[in-house]
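Chains as they are written, first to last, in my numbering: chain X, 1 to 159; chain A, 1 to 159.
Working notes, structure below.
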DNA sequence: CTGGTAACGTTATGCAATAGCGTATAAACT
DNA sequence: AGTTTATACGCTATTGCATAACGTTACCAG
């Protein structure tokens with residue numbers, strides 16, 4: 001039922017928080033309580049989370065957060081490479097391997113909404129070659145592949 | 001000296017409109033005056049155009065268009081493959097070769113804002129391979145490369 | 001000319017993101 | 001300790017992007 005990989009997700013969360021802690025300490029960035037809470041919320045699952053959902057969650061937890069609060073935290077987390085923005089969804093996803101210098105490429109299942117971060121050397125190379133051929137100096141790339149993941153293809157009851 | 005390729009852009013516009021005319025006729029789709037005007041506006045240059053800029057332009061031309069008017073026209077143009085949306089900019093660009101079945105890959109210059117549509121077989125193949133490897137069935141891809149185009153690199157006076 | 005369908009207009013609203021400014025707090029220096 | 005400085009966070013408000021819901025017009029088919 002419900003979720004696919006069936007793994008102990010609490011480990012994902014813990015790892016992500018621990019890594020964030022470590023990296024921020026290393027860089028002298030301040031991993032405040034708000035930022036930690038928001039990163040945790042984003043890691044509640046492997047789906048991309050919307051800014052206003054974070055707002056609602058914060059509201060539930062008692063506080064009275066306004067949009068700028070959330071967006072500032074997201075900006076911080078993105079600068080530190082701890083989360084990525086999925087442009088085609090206006091939503092945010094935790095980065096599973098922050099610290100590594102890497103580009104962001106995503107497989108986004110339109111059925112279960114799971115977002116998986118890729119690292120395909122072939123794909124990265126192809127991007128670089130395409131840019132090189134046009135003498136184009138890449139600074140940032142948005143590579144988001146939408147479709148149906150392996151799990152949802154198997155469980156095709158849910159049309 | 002603003003623009004780069006220095007080409008007779010009126011030809012681009014005319015070609016785009018003519019192609020649109022032809023395709024819609026072929027398909028029995030109605031290429032109305034509004035849709036034509038909006039497609040023309042989008043083709044005013046090789047930059048991506050924002051929905052509300054189109055609104056403003058329509059207002060200037062006398063009419064009193066509201067957002068849905070513009071978005072419906074954009075939806076139509078996208079369905080017909082005449083324009084593409086650049087997700088990372090929330091903006092729209094004319095397709096230089098509608099009719100061809102093709103995926104959309106873009107080089108977006110962050111200096112002059114020119115958007116160039118790519119068709120790199122190597123890149124397309126790499127995308128397909130990456131998906132295949134994950135047993136992922138692609139339906140749609142967003143591939144947007146931001147950086148500095150060849151022209152802007154040459155004219156680096158403008159930091 | 002009547003009925004249907006698609007296009008367009010109008011009003012209103014919801015979600016996404018930023019502006020601008022004030023306050024609190026932590027670190028860094030005397 | 002006390003002062004300075006930088007950063008984080010909060011608030012009010014506004015702008016930008018997009019769609020819902022419904023009414024009206026234009027056009028085509030019978």
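Cβ atoms here follow ideal geometry from the backbone N, Cα and C, with glycine treated the same way.
For this session: Find the residues of chain A that neighbour residue 149/X, judging by a C-beta separation of less than 7 Å, and give them in chain order.
Result: Position 149 of the first chain, counted from the start, is the residue given in the question as residue 149/X. The answer, in chain order, is 136.
Problem set entry | Separation of residue 130/X from residue 129/A, as counted between CA atoms | Translated into positions along the second chain, residue 129/A becomes position 129. Translated into positions along the first chain, residue 130/X becomes position 130. Answer to the nearest angstrom: the Cα atoms are 16 Å apart.
Exercise. Near residue 125/A, which residues of its chain fall below 8 Å by C-beta distance, leaving aside the five closest residues on each side in sequence?
Worked result: Along the second chain, one-based indexing puts residue 125/A at 125. Closer than 8 Å at Cβ, skipping near neighbours: no residue.
Exercise. For residue 91/A, does the three-state DSSP call read helix, strand or coil?
Worked result: Translated into the one-based positions of the second chain, residue 91/A becomes position 91. If DSSP states are grouped into helix, strand and coil, residue 91/A belongs with the strands.
Exercise. How would you call residue 147/X, buried or exposed, if buried means at least 16 neighbouring beta carbons within 10 angstroms?
Worked result: Mapped onto the first chain, residue 147/X falls at position 147. Buried is the call here.
Exercise. With distances taken from CA atoms, which of 67/A, 45/A and 61/A is nearest residue 51/A?
Worked result: As a first step, residue 51/A is located in the second chain; it is residue number 51 there, counting from the start. For the residues 67/A, 45/A and 61/A, the minimum Cα distance to residue 51/A belongs to 67/A.
For this session: Report, in whole angstroms, the separation of the C-beta atoms of residue 13/X and residue 43/X, which I expect to be a contact under 8 Å.
Result: Position 13 of the first chain, counted from the first residue, corresponds to residue 13/X. Position 43 of the first chain, counted from the first residue, corresponds to residue 43/X. With a Cβ gap of about 5 Å, residue 13/X and residue 43/X count as contacting.
Exercise. Are residue 23/X and residue 99/X touching if we call contact CB-CB under 8 Å?
Worked result: Here residue 23/X is taken as the residue at index 23 of the first chain, counted from 1. Here residue 99/X is taken as the residue at index 99 of the first chain, counted from 1. Result yes, Cβ atoms of residue 23/X and residue 99/X sit closer than 8 Å.
Exercise. Which residues, in chain order, does the segment 80–106 of chain A contribute to contact with chain X at a C-beta distance below 7 Å?
Worked result: 87 and 88
For this session: Return the bridge partner residues of residue 116/X from the DSSP annotation.
Result: To locate residue 116/X, count along the first chain from 1; it is residue 116. DSSP lists 107/X as partners of residue 116/X.
For this session: Can you say whether residue 105/X is buried or exposed, counting buried as having 16 or more other CB atoms within 10 angstroms of its CB?
Result: Numbered from its first residue, the first chain carries residue 105/X at position 105. Under this definition residue 105/X is a buried residue.
Exercise. Quick one: does residue 74/A have its CB under 8 Å from some CB of chain X?
Worked result: The count along the second chain starts at 1 and reaches residue 74/A at position 74. It does not; no Cβ of chain X falls within 8 Å.
Exercise. Apart from the five residues just before and just after residue 21/X, which ones in its own chain have a Cβ nearer than 7 Å to its Cβ?
Worked result: By 1-based counting over the first chain, the position of residue 21/X is 21. These residues qualify, in order along the chain: 31.
For this session: Check whether the Cβ atoms of residue 55/X and residue 138/A lie closer than 8 Å to each other.
Result: To locate residue 55/X, count along the first chain from 1; it is residue 55. To locate residue 138/A, count along the second chain from 1; it is residue 138. No, Cβ-Cβ distance for residue 55/X and residue 138/A is not below 8 Å.
For this session: Pull up the distance between the alpha-carbon of residue 65/X and that of residue 58/X, whole angstroms please.
Result: As a position in the first chain, residue 65/X is number 65, starting the count at 1. As a position in the first chain, residue 58/X is number 58, starting the count at 1. Taking the straight line joining both Cα atoms gives about 6 Å.
For this session: Have a look at residue 76/A and residue 18/X and give me their C-alpha separation to the nearest angstrom.
Result: For this step, residue 76/A is matched to residue 76 along the second chain. For this step, residue 18/X is matched to residue 18 along the first chain. Approximately 48 Å between the Cα atoms of the pair.
Exercise. Can you name, in chain order, every residue of its own chain whose Cβ lies under 8 Å from the Cβ of residue 25/X, other than the five neighbours on each side?
Worked result: Position 25 of the first chain, counting from 1, holds the residue named residue 25/X. Here the set comprises 31.
Exercise. Closest Cβ-Cβ distance between residue 145/X and chain A: below 8 Å?
Worked result: Along the first chain, read from residue 1 onward, the residue named residue 145/X stands at position 145. By this cut-off, residue 145/X is an interface position.
Problem set entry | Per-residue DSSP class, three states only, for residue 61/A | As a working mapping, residue 61/A is identified with position 61 in the second chain. Note: residue 61/A maps to coil in three-state DSSP.
Problem set entry | Inter-residue Cα distance where the pair is residue 41/A and residue 34/A | Within the second chain, numbered from 1, the residue matching residue 41/A stands at position 41. Within the second chain, numbered from 1, the residue matching residue 34/A stands at position 34. So the alpha carbons of these two residues sit roughly 11 Å apart.
Exercise. Along chain X, in chain order, which residues have C-beta atoms closer than 9 Å to that of residue 6/A?
Worked result: For this step, residue 6/A is matched to residue 6 along the second chain. Ordered by position in chain X, no residue passes the 9 Å Cβ test against residue 6/A, which lies about 17 Å from the chain.
Exercise. Looking at residue 39/A and residue 127/X, is the spacing between their C-beta atoms short of 8 Å?
Worked result: Within the first chain, residue 127/X is the residue found at index 127, counting from 1. Within the second chain, residue 39/A is the residue found at index 39, counting from 1. Going by C-beta atoms, residue 127/X is not nearer than 8 Å to residue 39/A.
For this session: With a threshold of 16 other CB atoms inside 10 Å of the CB of residue 60/X, please say whether the residue is buried or exposed.
Result: As a first step, residue 60/X must be located in the first chain, where it is residue number 60. The residue is exposed, with fewer than 16 neighbouring Cβ atoms inside 10 Å.
Exercise. Excluding five sequence neighbours on each side, which residues of the same chain lie with their C-beta closer than 6 Å to the C-beta of residue 142/X?
Worked result: If you number the first chain from 1, residue 142/X lands on position 142. 87.
Exercise. How many Å lie between residue 96/A and residue 11/X at the Cα?
Worked result: Position 96 of the second chain holds residue 96/A. Position 11 of the first chain holds residue 11/X. Going from the Cα of residue 96/A to the Cα of residue 11/X covers about 48 Å.
For this session: Could you spell out where the alpha helix (DSSP H) holding residue 73/A opens and where it closes?
Result: As a working mapping, residue 73/A is identified with position 73 in the second chain. Element bounds for residue 73/A: 67–79.
Problem set entry | Proximity test, Cβ basis, 8 Å: residue 51/A and chain X | On the second chain, residue 51/A is found 51 positions in, with the first residue counted as 1. Output row for residue 51/A: interface = no.
For this session: Taking 8 Å as the cut-off, decide whether the C-beta atoms of residue 153/A and residue 155/X are in contact.
Result: Within the second chain, residue 153/A is the residue found at index 153, counting from 1. Within the first chain, residue 155/X is the residue found at index 155, counting from 1. Taking 8 Å as the Cβ cut-off, residue 153/A and residue 155/X do not qualify as a contacting pair.
For this session: Please look up how many angstroms separate the CB atoms of residue 117/A and residue 47/A, rounded, as I've assumed it's under 8 Å.
Result: In the second chain, residue 117/A corresponds to position 117, counting from 1. In the second chain, residue 47/A corresponds to position 47, counting from 1. Their Cβ separation, rounded to whole angstroms, is 13 Å, which puts residue 117/A and residue 47/A out of contact at 8 Å.
Exercise. If residue 89/A sits next to residue 149/A, beta carbons under 8 Å apart, how far is it from one beta carbon to the other, in whole angstroms?
Worked result: As a working note, residue 89/A is residue 89 in the second chain. As a working note, residue 149/A is residue 149 in the second chain. Actually they do not touch by this definition, with Cβ atoms about 15 Å apart.
Exercise. By the 10 Å Cβ neighbour count, where 16 or more other Cβ atoms means buried, how is residue 158/X classified, buried or exposed?
Worked result: Looking up residue 158/X in the first chain gives position 158. Residue placement at residue 158/X cannot be trusted, given a pLDDT of 48 that sits under 50; the coordinates are not used to answer.
Exercise. Going straight from the alpha carbon of residue 2/X to that of residue 83/A, what length do you get?
Worked result: Here residue 2/X is taken as the residue at index 2 of the first chain, counted from 1. Here residue 83/A is taken as the residue at index 83 of the second chain, counted from 1. Summary for residue 2/X: the model assigns pLDDT 42, below 50, so the residue's position carries little reliability; its value from the coordinates is reported in the next sentence. Going by the C-alpha atoms only, they are around 37 Å apart.
Exercise. Between which two residues does the beta strand (DSSP E) carrying residue 85/X extend?
Worked result: Within the first chain, numbered from 1, the residue matching residue 85/X stands at position 85. Start and end: 83–86.
Exercise. Does the Cβ-Cβ distance between residue 223/A and residue 91/A come in under 8 Å?
Worked result: With chain A covering only 1 through 159, there is no way to say anything about residue 223/A.
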